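Accompanying notes for the structure given below.
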Amino acid sequence: GSVFSNIVRAPEDPILGVTVAYNKDTSPIKLNLGVGAYRTEEGKPLVLNVVRRAEQLLVNDPSRVKEYLPIVGLAEFNKLSAKLIFGADSPAIQENRVTTVQGLSGTGSLRVGAEFLARHYYQHTIYIPVPTWGNHPKIFTIAGLSVKTYRYYDPETRGLDFKGLLEDLGAAPTGAIVLLHACAHNPTGVDPTLEQWEQIRQLMRSKGLLPFFDSAYQGFASGSLDADAQSVRMFVADGGECLAAQSYAKNMGLYGERVGALSIVCKAADVASRVESQLKLVIRPMYSNPPIHGASIVATILKDSDMYNEWTVELKAMADRIISMRQLLFDALRDRGTPRDWSHIIKQIGMFTFTGLNTEQVAFMTKEYHIYMTSDGRISMAGLSSRTVPHLADAIHAAVT
Ligand code: PLP
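Below is the structure:
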């Protein structure tokens with residue numbers, strides 16, 4: 008017999024498992040609204056033109072080799088990534104108080120940050136919102152942090168439970184880490200207003216809570232890279248410390264290239280440099296050094312003003328298409344006279360709508376309409392098109408009536 012014969016089968020990942028089920032369905036009308044990846048109006052994955060251009064430049068440059076990158080990744084990429092999230096004129100960058108390391112997209116950057124905190128930060132408790140991206144509790148637990156939660160979403164209002172959030176963070180122990188979605192909260196699409204962010208900032212700083220930003224959707228939420236980074240920049244502008252994990256999966260469509268960054272903003276340059284020396288000790292035994300191709304694409308685009316501008320136009324087009332799908336779906340439900348208030352569909356921002364549909368309604372829509380989504384009722388607006396909105400609206404209408 009096998010030495011592994013008593014291994015029990017693990018369940019599918021709750022998000023990626025949706026695609027597994029979708030792939031098995033042979034219906035021609037099937038629709039995958041589970042996974043958070045952008046699709047064109049034709050339902051196809053999109054490689055940005057500017058990415059194709061950057062890849063052409065890289066391929067045609069004979070000086071490019073396939074050597075190992077340093078442990079912290081491509082230096083130019085790291086600098087440009089910090090500028091992108093903190094702002095080109097950020098004093099923290101100018102004062103060399105920021106250390107940035109290349110990571111394996113958002114997930115890998117979160118994991119490296121978490122391991123660093125578990126080894127070197129005195130507080131091991133991290134607060135994550137309820138609900139949050141399903142991978143968060145797993146990433147932080149496996150890194151050795153102790154995960155607690157704070158209230159975030161109010162199902163009654165389908166908006167922010169601001170009072171609950173302030174109460175829970177107010178009751179957190181001094182120094183606790185707080186995971187914040189920089190923008191386009193996943194799965195709810197509900198973000199604090201700037202005034203609310205300011206109150207969160209004041210509360211967190213007064214209690215010495217350490218912000219850890221997860222920025223997976225910069226530019227993808229509103230179409231503006233600056234607007235979507237405002238929460239992070241607010242916390243950096245006060246001179247305090249924070250961590251930020253960035254992903255280029257969505258905003259550059261580089262999902263499979265696994266390109267991201269972890270920045271740690273410190274109070275002083277010498278601290279930042281010692282922090283970086285320890286980040287290397289986290290990374291080296293984990294994956295040695297990060298892959299070169301995706302980071303080279305990003306650096307090529309970010310350092311050239313013409314390509315950068317082309318990127319912002321393509322990014323805005325993706326954001327706008329998603330926003331227009333919100334309006335189409337909302338209109339389609341109104342036209343059908345579907346009971347309930349659906350205004351949250353147009354109020355929420357980012358890739359997802361948190362529909363408020365329950366597990367049974369989701370199961371019904373999958374069985375009867377071949378529509379796939381996570382069981383919490385989250386749908387990816389990026390997977391919709393004007394062709395498929397009526398089918399989805401029919402399914403929702405049938406599910407709630
Ligand atoms: N954080 C959030 C909130 C996300 O939604 C995602 C992707 O779905 C990620 C992080 C990380 O994605 P990736 O590792 O592909 O960059």
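To convert, note that position 22 of the sequence shown is 29 in full-length UniProt numbering; the numbers rise steadily by one, no gaps. Ideal Cβ placement from N, Cα and C applies to all residues, glycine included. Here the structure is a predicted model, which means the values were calculated and not measured.
- Only residues of its own chain outside the window of five on either side were considered, and among them A121, L124, A125, H131, T132, I133 and I184 have a CB closer than 8 Å to the CB of L152, listed in chain order.
- Cβ neighbours of I304 within its own chain (closer than 8 Å, five residues either side excluded): V58, A61, E62, L65, M259, L261, E264 and V266.
- In this structure, the alpha-carbon of Y157 lies about 15 Å from that of G141.
- Taking non-hydrogen atoms of the ligand PLP into account, the C-beta of W349 is found less than 6 Å away from none of them.
- V243 is positioned such that its CB atom lies no closer than 7 Å to that of V278.
- Taken through DSSP and simplified to helix, strand or coil, F242 comes out as helix.
- In the DSSP assignment, H188 falls within the beta strand (DSSP E) that extends over I184 to H188.
- In this structure, L286 lies near V108, with their beta-carbon atoms less than 7 Å apart.
- Using a Cβ-Cβ distance cut-off of 8 Å, the region 305-316 and the region 324-338 are not in contact, since fewer than three pairs of beta carbons, one from each stretch, lie closer than that value.
- In this structure, the ligand PLP has a non-hydrogen atom nearer than 6 Å to the beta-carbon of G113.
- If the five residues before and after G357 are omitted, its C-beta is found closer than 6 Å to the C-beta atoms of A191, G196, Y224 and A228, all from its own chain and listed in chain order.
- Here L111 is buried: its Cβ has 16 or more other Cβ atoms, across all protein chains shown, within 10 Å.
- By the Cβ test, the region 284-302 is not in contact with the region 239-253, since fewer than three Cβ pairs between them sit closer than 8 Å.
- Of the heavy atoms belonging to the ligand PLP, none sits nearer than 6 Å to the Cβ of G24.
- DSSP places Y134 in the strand class (E or B) of the three-state scheme.
- Take the alpha-carbon of V79 and the one of S116: they are about 11 Å apart.
- When DSSP states are grouped into helix, strand and coil, R165 belongs to the coil group.
- CA-CA distance, A95 to M388, rounds to 31 Å.
- Distances from the CB of D235 to the heavy atoms of the ligand PLP are all 6 Å or more.
- Within the region 305-353, the runs of alpha helix (DSSP H) at least 4 residues long that lie entirely inside it are, in chain order, 312-343.
- For the pair V25 and G41, the CB atoms are nearer than the 7 Å cut-off.
- In this structure, DSSP gives R46 a state outside helix and strand, which the three-state scheme calls coil.
- When secondary structure is reduced to three states using DSSP, S387 falls in the strand class.
- Secondary structure note for I271: its beta strand (DSSP E) is the uninterrupted segment G267 to V272.
- Here the region 368-380 makes contact with the region 31-39; the two share three or more CB pairs at distances below 8 Å.
- If you draw a 10 Å sphere on the C-beta of R341, you find fewer than 16 other C-beta atoms in it, and that means exposed.
- Taking A251 as reference, the option from L172, A236 and D245 with the minimal CA-CA separation is A236.
- Relative to the ligand PLP, A228 has its C-beta separated by 6 Å or more from all heavy atoms.
- Counting only the Cα atoms, P194 lies some 26 Å from G344.
- S70 counts as exposed, since fewer than 16 other C-beta atoms from the protein chains shown sit within 10 angstroms of its C-beta.
- For S254, the CB falls within less than 6 Å of some heavy atom of the ligand PLP.
- Boundaries around P292 are those of the alpha helix (DSSP H), A276 to Y294, since no beta strand (DSSP E) includes it.
- Nearest C-alpha to A276 among D245, L201, H398 and A99: A99.
- Scanning its chain for C-beta atoms nearer than 8 Å, with the 5 sequence neighbours on each side dropped, one finds around F337 the residues W349, S350, I352 and I353, in chain order.
- A distance criterion of 6 Å places the beta-carbon of D68 beyond contact range of the ligand PLP, judged by its closest non-hydrogen atom.
- C-alpha of A339 to C-alpha of P397: approximately 7 Å in a straight line.
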